[in-house]
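Asker: Have a look at the structure that comes next, please.
Number of protein chains: 2
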Amino acid sequence: MIGNRPFSHALERLKRHGLRPTRQRLALVKLLFDRGDRHVTADQLQGEAAAAGVRVSLATIYNTLNQFTAAGVLREVIVEAGRSYFDTNTSDHHHVLIESTGELFDVPADHVKLTALPALPPGTSLRRVDVILRVSRQQDNPAS
Amino acid sequence: MIGNRPFSHALERLKRHGLRPTRQRLALVKLLFDRGDRHVTADQLQGEAAAAGVRVSLATIYNTLNQFTAAGVLREVIVEAGRSYFDTNTSDHHHVLIESTGELFDVPADHVKLTALPALPPGTSLRRVDVILRVSRQQDNPAS
DNA sequence: GTGATTGCAAATCTTTTGCACTAAA
DNA sequence: TTTAGTGCAAAAGATTTGCAATCAC
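From first to last, the protein sequence lines stand for chains Z and E. Those letters in the first sequence? Residues 497 to 640, per this note's numbering, in order. Those letters in the second sequence? Residues 497 to 640, per this note's numbering, in order.
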């Protein structure tokens with residue numbers, strides 16, 4: 497029952513958000529969501545589309561990623577200076593970043609216990625708490 | 497006794513890190529460190545330099561910010577997609593980001609209690625834990 | 001002097017945008 | 001048809017780099 501219905505799955509996901517199921521969007525949705533939780537950059541996603549034989553322009557990739565992020569279907573993760581990651585896991589969770597490679601891993605929310613938070617600036621409300629564990633491969637030289 | 501020795505302060509800080517005290521670097525160090533903890537972008541810092549009557553090219557601003565970050569005198573804070581902040585506070589602490597304005601505030605390390613952390617990926621060691629509280633001004637409309 | 005530092009302009013990289021063309025409803 | 005979506009190429013921003021001129025030692 498579960499799995500093996502990639503087409504209807506992708507189609508439903510688009511319709512649910514009022515997006516026309518075009519050839520490009522269907523392909524991107526499949527690439528994004530048929531493989532479990534992932535973190536992709538626009539560039540990576542275009543590479544995967546090309547590898548899958550789907551021609552999609554970078555502009556459309558960006559448009560789609562932004563539309564999905566606005567709709568709450570993707571989540572943008574900002575951990576590196578010049579580049580945005582898009583996370584297919586939109587539930588409450590955190591991240592481990594391997595600094596030398598840029599690899600990102602999810603950390604389930606309940607694996608991090610935040611038992612105290614500071615007072616917020618007056619007139620503001622909390623939207624989200626991001627915890628990022630920056631790690632290096634053990635043999636890495638910080639100065640290299 | 498404290499304060500009012502901006503020149504020697506800046507000079508010492510440069511010498512300590514083996515950087516020649518050029519006119520530009522002395523001016524930037526003063527702008528950065530004579531005013532308590534701050535978060536600046538390269539662009540902002542150039543604006544301040546200009547306002548102070550010091551002509552420094554953007555390339556030199558970037559070079560200096562990067563040299564200082566490498567030396568551990570500044571810390572790079574990555575919380576927004578296209579832009580890097582440089583933090584004069586290099587001690588263990590976290591941040592509040594007001595999403596609508598890009599304003600950053602320090603959160604002392606002891607105002608956040610992390611009582612549990614996940615297992616790290618095999619072969620990695622923890623470099624730093626960043627906690628970012630993303631807040632909005634209360635009247636902000638998330639969809640606007 | 002000699003090597004480090006600077007500034008400019010050009011280059012790079014990621015992301016966005018304008019607009020004519022195409023496809024979905 | 002009518003409107004949304006796509007792709008291209010150009011534009012926009014932030015940051016880096018090559019190289020000749022300048023400065024610190």
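We put the beta carbon where it would ideally sit given N, CA and C, even for glycine.
In chain order, what are the residue ranges of uninterrupted beta strand (DSSP E) at least 3 long that sit wholly in the region 547 to 599 of chain Z?
Answerer: Qualifying beta strand (DSSP E) stretches, in chain order: 571 to 576, 579 to 583 and 589 to 594.
Asker: Are the CB atoms of K609 (chain E) and L610 (chain Z) nearer to each other than 8 Å?
Answerer: Numbered from its first residue, the second sequence carries residue 609 (chain E) at position 113. Numbered from its first residue, the first sequence carries residue 610 (chain Z) at position 114. Contact: yes.
Asker: Quick check: what's the CA-CA separation for E576 (chain Z) versus I574 (chain E)?
Answerer: As a working note, residue 576 (chain Z) is residue 80 in the first sequence. As a working note, residue 574 (chain E) is residue 78 in the second sequence. Near 7 Å, if we compare the C-alpha coordinates of I574 (chain E) and E576 (chain Z).
Asker: Could you give the residue range of the alpha helix (DSSP H) that holds L522 (chain Z)?
Answerer: One-based indexing of the first sequence puts residue 522 (chain Z) at position 26. Unbroken alpha helix (DSSP H) run through L522 (chain Z): R519 to F529.
Asker: Give the interface partners of F601 (chain E) over in chain Z, defined as CB-CB distance under 8 Å, in chain order.
Answerer: Start at 1 with the first residue of the second sequence, and residue 601 (chain E) comes out as number 105. Neighbours of F601 (chain E) on chain Z, chain order: P617.
Asker: With T611 (chain Z) as the anchor, note down where its beta strand (DSSP E) starts and where it stops.
Answerer: Taking the first residue of the first sequence as 1, we reach residue 611 (chain Z) at position 115. First-last of the beta strand (DSSP E) with T611 (chain Z): K609 to A612.
Asker: Where L528 (chain Z) and L515 (chain E) are concerned, what is the direct C-alpha to C-alpha distance, given to the nearest angstrom?
Answerer: Position 32 of the first sequence, counted from the first residue, corresponds to residue 528 (chain Z). Position 19 of the second sequence, counted from the first residue, corresponds to residue 515 (chain E). Taking the straight line from one Cα to the other gives about 47 Å.
Asker: At the 8 Å Cβ level, is R512 (chain Z) part of the contact set with chain E, yes or no?
Answerer: By 1-based counting over the first sequence, the position of residue 512 (chain Z) is 16. Cβ-Cβ to chain E under 8 Å: no for R512 (chain Z).
Asker: Which same chain residues end up closer than 6 Å to A605 (chain Z) when comparing Cβ atoms and leaving out the 5 residues on each side of it in sequence?
Answerer: Position 109 of the first sequence, counted from the start, is the residue given in the question as residue 605 (chain Z). So the list reads D588 and H589, once near-sequence residues are dropped.
Asker: Just mark D681 (chain E) as buried or exposed, buried being the case when its beta carbon has 16 or more other beta carbons within 10 Å.
Answerer: Residue 681 (chain E) lies beyond the residue range present for chain E, which begins at 497 and ends at 640; the question has no answer from this structure.
Asker: Please confirm if A555 (chain Z) has its CB atom under 8 Å from at least one CB of chain E.
Answerer: Position 59 of the first sequence holds residue 555 (chain Z). With 8 Å as the cut-off, A555 (chain Z) does not count as an interface residue toward chain E.
Asker: Mind checking whether H607 (chain Z) and P618 (chain E) have CB atoms under 8 Å apart?
Answerer: Your numbering for residue 607 (chain Z) matches position 111 in the first sequence. Your numbering for residue 618 (chain E) matches position 122 in the second sequence. In this structure, P618 (chain E) does not lie closer than 8 Å to H607 (chain Z) by Cβ.
Asker: When the Cα atoms are used, what is the spatial distance from R571 (chain E) to D583 (chain E)?
Answerer: Here residue 571 (chain E) corresponds to residue number 75 of the second sequence, with the count starting at 1. Here residue 583 (chain E) corresponds to residue number 87 of the second sequence, with the count starting at 1. Taking the straight line from one Cα to the other gives about 5 Å.
Asker: Beta-carbon of D626 (chain E) versus every beta-carbon of chain Z: anything under 8 Å?
Answerer: Translated into positions along the second sequence, residue 626 (chain E) becomes position 130. Yes, its Cβ sits closer than 8 Å to a Cβ of chain Z.
Asker: Would you say L541 (chain E) lies against chain Z (beta-carbon separation less than 8 Å)?
Answerer: Counting from 1 along the second sequence, the entry for residue 541 (chain E) is found at position 45. With 8 Å as the cut-off, L541 (chain E) does not count as an interface residue toward chain Z.
Asker: Looking at chain E, is there any beta carbon in it that lies within less than 8 Å of the beta carbon of T620 (chain Z)?
Answerer: Stepping through the first sequence from its first residue, residue 620 (chain Z) is reached at position 124. Taking Cβ atoms only, chain E reaches closer than 8 Å to T620 (chain Z), which makes this a yes.
Asker: Apply the 10 Å Cβ neighbour rule to D602 (chain Z) and answer buried if 16 or more other Cβ atoms are within range, or exposed otherwise.
Answerer: What you label residue 602 (chain Z) is simply residue 106 of the first sequence in a count that begins at 1. Burial call: buried.
Asker: So, is the C-beta of Q520 (chain E) closer than 8 Å to a C-beta in chain Z?
Answerer: Translated into the one-based positions of the second sequence, residue 520 (chain E) becomes position 24. Closer than 8 Å: no.
Asker: From the beta carbon of S640 (chain Z), is the nearest beta carbon of chain E less than 8 Å away?
Answerer: If you number the first sequence from 1, residue 640 (chain Z) lands on position 144. In this predicted model, S640 (chain Z) has a pLDDT of only 39, less than 50, meaning its place in the structure is not dependable; the value taken from the coordinates is given anyway. No, S640 (chain Z) does not count as interfacial toward chain E.
Asker: What does the Cβ neighbour count give for S553 (chain Z), buried or exposed, with the cut at 16 atoms within 10 Å?
Answerer: Within the first sequence, the letter at position 57 stands for residue 553 (chain Z). The residue is exposed, with fewer than 16 neighbouring Cβ atoms inside 10 Å.
Asker: Can you pull the chain Z neighbours of P611 (chain E), defined as C-beta to C-beta under 7 Å?
Answerer: In the second sequence, residue 611 (chain E) corresponds to position 115, counting from 1. According to the sequence displayed, residue 611 (chain E) carries Thr and not Pro. The answer, in chain order, is K609 and T611.
Asker: Would you identify the three-state DSSP class for H505 (chain E), choosing helix, strand or coil?
Answerer: For the purposes of this step, residue 505 (chain E) is taken as the residue at position 9 of the second sequence. Correct three-state label for H505 (chain E): helix.
Asker: Determine the closest residue to S651 (chain Z) out of Z:G598, Z:A547 and Z:R531, with distance taken between C-alpha atoms.
Answerer: Any answer about residue 651 (chain Z) is impossible in this case: the structure gives chain Z only from 497 up to 640.
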